[in-house]
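Protein chains in written order, with the working numbering: chain R, 1 to 411; chain H, 1001 to 1411. Yeah, the Cβ is synthetic: ideal placement off N, Cα and C, and Gly gets one too. The structure presented is a predicted model; accordingly, all values stated were derived computationally and were not measured.
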């Protein structure tokens, strides 16, 4: 059980935790743009580190290098660029390794303690030159207030900065945990396509950190879909530097483990929801909450199926209560359940309405339903009426702009 | 092995085979429209019948009734409406049964020999009244030239009529096999969302007909995706009335079985391709041909993954050779294969170009690639270089109009 109420939101994003600095600048990787495209996140002391990677067989070269570097569960810095995914390039590994080397040299740390990530167009040649020139400059500009710049620098088609941080207590010590993330298109479990970097000053060992990350990722980023495309460059990392001074959490049985997971969940679920809200071309956040499932797996499968339906997403764009499409998407979710028991309600700040009960339509006022769906956060509540398990998933509407953005991505 | 060259295309669609008549008219089911929305297909003698149904847990009431009626592998007529899917309605079964009864009464056949199907909006109340009024009229209008009207009457968001028929030989006898289908949105294996009705005058027993249909459906409609949504009303049926006078095909080992399968494939692959081409809002037919796979399953999985990628489909709409998205989609296909061996070429009537070899990009002329992708039929050739198995799949581009059509479907 996750404890949801043990934290307070704070500013600072990825630099909210003690000992972390960051920065970002324009290195000219986004061609013809003056937007920042290179970021560093740095801890003044060694961190325990955990990471999760895309399940795509095509993996960006940076992921391969990062995986190698994190074998010892230890890291100090993250170097990340946008504008080029460094994926499917013949010299990709070489460039990713070189990015780590330059960063390590400038920060006077071990290259093996550097995490590297890239996002942008796949299969576009990338030269080491912008990194040679700009990493040294960037390394001198890292500050406690640089989380914002770092967050800006990892954006591609994102329209909003996505960052969140919380303060929480572990064994009487005040801790901070915060993160930034990017992701807008090519978003699908597992894992929602994105880069996500979380930092904390809590003390937790690498193995337990990995368990916490896997669990929380499973109920946050693995529950987000924008377009059903699983990217080649997904990575979620957490760095924990222990500066909060709490007694190190060394197992899931530790009394502080649940509080830590609660804080990690608070940050990651916020970032996951914001990623869905910022889906390419989206005008609405779509949240599906499934209850009454006989297993967690079925609950999650139904929730993901609903938020993944292109037809439903287009209807939601038009605020059209075409609930048959919800039932259709529930019907092709995996897992056994009785469709004849299913009840569906639509909910938003404008109200709530029942549209389906016992698997069949119920009379409802179309105008009221339309008002509910006009809001920019829409919830679809599905009750399977066959158990006690619940799950949530997040998506967005499908709009003209999704097509526009992706038809013109490289131009 | 399918024999592809033993048939000649002919006119007549679902009435090309001897003994079949059809017709269609406007029964007012499509509200506020004067388009035809009710069709009957009828055989002058008993037919062997086989059918396949949606895998969605939500099943249109007509499918439940049809399944019951086809238990004996025998049928004479098909009654079908568009404009309302008769799905998720409390009185759906009653209406579907009544549709069969009225049709049977008018055609003087057994209600159990009637196949019923519906397509359109899900969860919209449907009254028996339009059927009471119009089936008797329609039953008097069935002709050998009515295939066209029937084809028109089953369309919803379809923009083209989809019908095809062939002449072929079985044991020295001339046979005909033809079909009509509808499908444009909510198209995804299994099974491409649609209604498909095939008729033939070949003699084949029900069990063997069922086998042939399952096999051919697996490599045609199960390889089509428009939007990833598996519908609640998919049905494919074949009626075989035996009037061609060939010796009845009674097993897969029968010498004529392959020729029959070849003819069925010719018709169904044509209809499947046309369904993809007519995908909601589509401007292009997208065909992915995978070769060099170690198993048929992997070949099919890769082909379906490629044509299913929203990101790739948006890029194809803009004729943008963003091949990284092809590789990305290959990378999340199920099944084990080495991504580092993959080669990708783009092909159309305007030419062919290699864009990726050994899993990495190769230099190519963007203008040439753009020219190739501007054509209205685009092929993506993927060579996995790890075996001899091949597969094809069909989809379309993702356009503004897909969003427009689905945002406004009910208005």
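Buried or exposed by the 16-neighbour rule on C-beta atoms within 10 Å, applied to residue i
i              : result
residue 241/R  : buried
residue 1243/H : buried
residue 1214/H : exposed
residue 1136/H : exposed
residue 1108/H : exposed
residue 19/R   : buried
residue 1060/H : buried
residue 1036/H : buried
residue 148/R  : buried
residue 143/R  : exposed
residue 90/R   : exposed
residue 1072/H : exposed
residue 1351/H : exposed
residue 192/R  : Confidence is the limiting factor: at residue 192/R the pLDDT is only 44, short of 50, which leaves the residue's position unreliable, though a coordinate-based value still follows. Result: buried.
residue 1001/H : Its pLDDT being 46, under 50, residue 1001/H is placed unreliably in this model, and the value from its coordinates should be taken loosely. The residue is exposed, with fewer than 16 neighbouring Cβ atoms inside 10 Å.
residue 21/R   : buried
residue 1349/H : exposed
Option nearest residue i by Cα separation, candidates the options
i              : options                           : result
residue 1198/H : 1267/H, 1184/H and 1316/H         : 1267/H
residue 1265/H : 1221/H, 1216/H, 1041/H and 1093/H : 1216/H
residue 1412/H : 1112/H, 1319/H, 1244/H and 1131/H : With chain H represented from 1001 up to 1411, any question about residue 1412/H goes unanswered, as that position is not in the structure.
residue 1094/H : 1274/H, 1063/H, 1214/H and 1281/H : 1063/H
residue 1079/H : 1249/H, 1401/H and 1104/H         : 1104/H
residue 943/H  : 1359/H, 1224/H and 1361/H         : As shown, chain H starts at 1001 and ends at 1411. That puts residue 943/H outside it, with no answer to give.
residue 389/R  : 196/R, 291/R and 110/R            : 291/R
residue 1251/H : 1208/H, 1277/H and 1338/H         : 1208/H
residue 1058/H : 1092/H, 1027/H and 1040/H         : 1092/H
residue 404/R  : 1334/H, 1317/H and 1379/H         : 1317/H
residue 1196/H : 1168/H, 1167/H and 1153/H         : 1153/H
residue 1194/H : 1052/H, 1377/H, 1372/H and 1348/H : 1052/H
residue 1299/H : 1331/H, 1313/H, 1402/H and 1258/H : 1331/H
residue 206/R  : 19/R, 39/R, 391/R and 50/R        : 50/R
residue 343/R  : 333/R, 334/R and 355/R            : 355/R
residue 1391/H : 1007/H, 1099/H, 1305/H and 1129/H : 1305/H
residue 273/R  : 220/R, 249/R, 323/R and 234/R     : 220/R
residue 1277/H : 1139/H, 1023/H, 1402/H and 1362/H : 1402/H
residue 1319/H : 1022/H, 1106/H, 1398/H and 1119/H : 1398/H
residue 127/R  : 55/R, 97/R and 138/R              : 97/R
residue 1056/H : 1231/H, 1275/H, 1016/H and 1218/H : 1231/H
residue 183/R  : 116/R, 279/R, 113/R and 141/R     : 279/R
residue 1133/H : 1075/H, 1118/H and 1038/H         : 1038/H
residue 1155/H : 1069/H, 1322/H, 1025/H and 1076/H : 1025/H
residue 1087/H : 1106/H, 1116/H and 1101/H         : 1116/H
8 angstroms Cβ cutoff, residue i in contact with chain B
i            : result
residue 37/R : This model lacks chain B altogether; the protein chains it does include are R and H.
Positions along the stretch 243-274 of chain R whose CB lies within less than 9 angstroms of some CB in chain H: none
The stretch 121-136 of chain R in contact with the stretch 1324-1338 of chain H per 3-pair CB rule at 8 angstroms: yes
Within the stretch 1138-1221 of chain H, ranges of the alpha helix (DSSP H) (whole runs, at least 4 residues): 1147-1153 and 1206-1219
The stretch 1200-1212 of chain H touching the stretch 1171-1181 of chain H, judged by at least three CB pairs closer than 8 angstroms: yes
Runs of alpha helix (DSSP H) wholly within the stretch 72-114 of chain R (minimum 4 residues, chain order): 92-107
Stretch-stretch touch, CB-based, cutoff 8 angstroms, three pairs: the stretch 232-240 of chain R with the stretch 6-13 of chain R: no
Interface residues of the stretch 1358-1376 of chain H facing chain R [CB-CB below 8 angstroms]: 1359, 1360 and 1361
The stretch 50-72 of chain R: positions lying closer than 9 angstroms to chain H by Cβ: 54, 55, 56, 57, 58 and 59
Interface positions of the stretch 1323-1339 of chain H facing chain R (Cβ-Cβ less than 9 angstroms), listed along the chain: 1323, 1324, 1325, 1327, 1328, 1329, 1330, 1331, 1332, 1333, 1336, 1337, 1338 and 1339
Stretch-stretch touch, CB-based, cutoff 8 angstroms, three pairs: the stretch 333-342 of chain R with the stretch 374-390 of chain R: yes
Members of the stretch 1109-1122 of chain H near chain R, C-beta cut-off 8 angstroms: 1121 and 1122
Complete runs of the beta strand (DSSP E) confined to the stretch 1336-1381 of chain H [at least 3 residues]: 1343-1348 and 1351-1357
Meets three-Cβ-pair contact criterion under 8 angstroms: the stretch 1045-1057 of chain H and the stretch 1149-1159 of chain H: no
Under 9 angstroms (Cβ pairs) to chain R, residues found in the stretch 1300-1317 of chain H: 1308, 1309, 1310, 1311, 1312, 1313, 1314, 1315, 1316 and 1317
4 or more residues per run - each alpha helix (DSSP H) lying fully within the stretch 293-325 of chain R: 296-308 and 310-317
Touch test, the stretch 1357-1377 of chain H against the stretch 364-377 of chain R, Cβ-Cβ under 8 angstroms, three pairs minimum: no
Chain-ordered residues of the stretch 391-402 of chain R with a beta carbon less than 8 angstroms from chain H: 398, 399, 400 and 402
Inter-stretch contact (C-beta, 8 angstroms, three-pair minimum) for the stretch 65-73 of chain R and the stretch 20-36 of chain R: no
Residues, ordered as in the chain, of the stretch 1073-1089 of chain H that lie near chain R by beta-carbon distance below 8 angstroms: 1085, 1087, 1088 and 1089
Members of the stretch 1005-1026 of chain H near chain R, C-beta cut-off 7 angstroms: none
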